[in-house]
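No gaps in the numbering here: position 273 of the sequence shown is 266 in our numbering, and each next residue is one more.
Quick reminder that beta carbons are idealized off the backbone N, C-alpha and C, glycines included.
Since the structure comes first, as structure tokens, the remarks are kept for the end.
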Amino acid sequence: MKLEKDLYSIDKKLLVKAGDIINTKTLKNIAGLSDKIRYVPIKGTWLIKDLIRTFKDKRYENILYPPEINQKIIRYISHIKMPEKILSELAYMKKLTPYTYHHIMVIAVLSGKISFDHSLKNKYEPGIAMLLSLFHDIGKSRIPLSILDKRTPITVYERHILSTHPLIGYVLLHYYFGKDHKKYNFSSYQHHERLDGSGYPLGIKTLNKYSQLIGVVDTLDALISERPYRSKPFTLRAAIDLLLDEADKGKFNKSLVRTLIIYSRRESPGAKIKIAEKGRDKAPSGNSYGKTASS
Ligand SMILES: [Fe+2]
Ligand SMILES: [Fe+2]
């Protein structure tokens, strides 16, 4: 594995030189570069305020409901601490690319909400799910803005550059967490991997349960988000239909997608109804999800 540009940490340490091989030894050395890690609470920061605000995102009102539950979920993460340098990374991301930062906030609150859902309660811890989600796209701040904010479909080469963000995040998390990196680094490295081996960067099939959760909500947000080059984004129902098809093909954990179906089938948020799994909504015509420009 290699990167095409030098990679610096937020405190300006050179972690990897362009073209250098990144292997187990390199990563061990990077984890060893950390001085004593200063953990700071999220409580009382601008970050928790942004997360609370994101619970009001209209696009997801059927999932992010009711407010009392959201307050409980916020309490899970209020007690959590993260390395101060990661908080700086997120502040940098917020300034550099507000769109990507908002996406990260959305993934954190959706992961927290699904973890809190009754059927998954004993499997996922909402605070951990939210924390790991905050790290998942940390590598994107090192991708050129000309690619991240491009107003037309990206080219094959640009897609290649974009696809290095899980590796960049993985390296950064080794540095920011030092000897504790194993507890967190997979959230960046595995979120584009799929259970059938069709994902990237490695095409592995054995994924951490939190990576599976982040992968599902990350794809959901990609489908329903408006992009300048996308004629029409998916509706929530159409996006969940596509996720269900992908789960049937073995790409996603079906129980996670089913939790989303339960929400999307509610006529009004909070109502209990029996669900049918198919035939709810169609993909918009002319959508460009997953497509690359021909040149
Ligand atoms: Fe990503
Ligand atoms: Fe993402």
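Going along the chain, which residues of its own chain have a beta-carbon closer than 8 Å to the beta-carbon of Phe128, five neighbours each way excluded? Cβ-Cβ distances below 8 Å link Phe128 to Ile79, Gly162, Leu166, Tyr177, Ser180, Ser181 in the same chain, with the five nearest sequence neighbours on each side left out; the list follows chain order.
Please report how far the alpha carbon of Leu138 lies from the alpha carbon of Asp214, in whole angstroms. Rounded to whole angstroms, Leu138 and Asp214 show a C-alpha spacing of 20 Å.
I need the boundaries of the beta strand (DSSP E) containing Met(-6), first residue and last residue. Premise fails: Met(-6) is in no beta strand (DSSP E) and is neither H nor E.
Determine the burial state of Ser294: buried for a count of at least 16 other Cβ atoms within 10 Å of its Cβ, exposed for fewer. What is shown of the chain runs -6 to 288, which leaves residue 294 out entirely.
By Cβ distance, which residues of its chain are closer than 7 Å to Lys244, with the 5 residues on each side in sequence left out? Counting only Cβ-Cβ distances below 7 Å, and skipping sequence neighbours, we find Arg187, Leu188, Asp189, Ser191.
Just to confirm before moving on: does the CB-CB distance between Phe133 and His95 stay below 8 Å? Checking the sequence shown, residue 133 turns out to be Lys, not Phe. It is not a contact, given that the beta carbons lie outside the stated cut-off.
Taking the Cβ atom as the reference point for each residue, do Asn55 and Tyr193 lie within a distance shorter than 8 Å? Not a contact, by the Cβ cut-off of 8 Å.
Closest residue to Val209 among Arg251, Pro60, Thr47 (Cα-Cα distance): It is Arg251.
Contact set for Leu155: own chain, Cβ-Cβ below 7 Å, skip 5 residues either direction: Correct list, in chain order: Ile136, Ile140, Ile147.
Exposed or buried, which one is His184 when buried takes at least 16 other CB atoms within 10 Å? Answer is buried; the Cβ neighbour count reaches 16.
Lys51 in three-state terms, based on DSSP: Three-state result, Lys51: helix.
Proximity to Ile14 [Cα-Cα], best of Leu7, Asp142, Lys(-5), Arg31: Checked all of Leu7, Asp142, Lys(-5), Arg31; the closest Cα to Ile14 is Lys(-5).
Residue nearest to Pro34 in terms of C-alpha spacing, selected from Leu124, Ala231, Ala11, Leu236: Closest in alpha carbon position to Pro34, among Leu124, Ala231, Ala11, Leu236, is Leu124.
Residue of Glu77, Ile97, Leu235, Arg230 minimising C-alpha distance to Lys36: Of the candidates Glu77, Ile97, Leu235, Arg230, the one whose C-alpha sits nearest the C-alpha of Lys36 is Glu77.
Name the residue from Ile73, Gly105, Ile197, Gly196 whose alpha carbon lies nearest to the alpha carbon of Phe48. Answer by Cα proximity: Gly105.
Got a sec, what are the start and stop residues for the beta strand (DSSP E) Pro119 sits in? Per DSSP, Pro119 belongs to no beta strand (DSSP E); it is in the alpha helix (DSSP H), 119 to 128.
Comparing the CB of Asp142 with every heavy atom of ligand 2, is any distance shorter than 7 Å? Because no heavy atom of ligand 2 lies under 7 Å away, the Cβ of Asp142 does not count as near it: no.
Leu26 - DSSP class collapsed to helix/strand/coil: Assigned with DSSP and collapsed to three states, Leu26 falls in coil, not helix or strand.
Can you tell me where the alpha helix (DSSP H) with Pro91 in it begins and where it stops? Membership of Pro91 in the alpha helix (DSSP H) is indicated by the continuous run 91 to 109.
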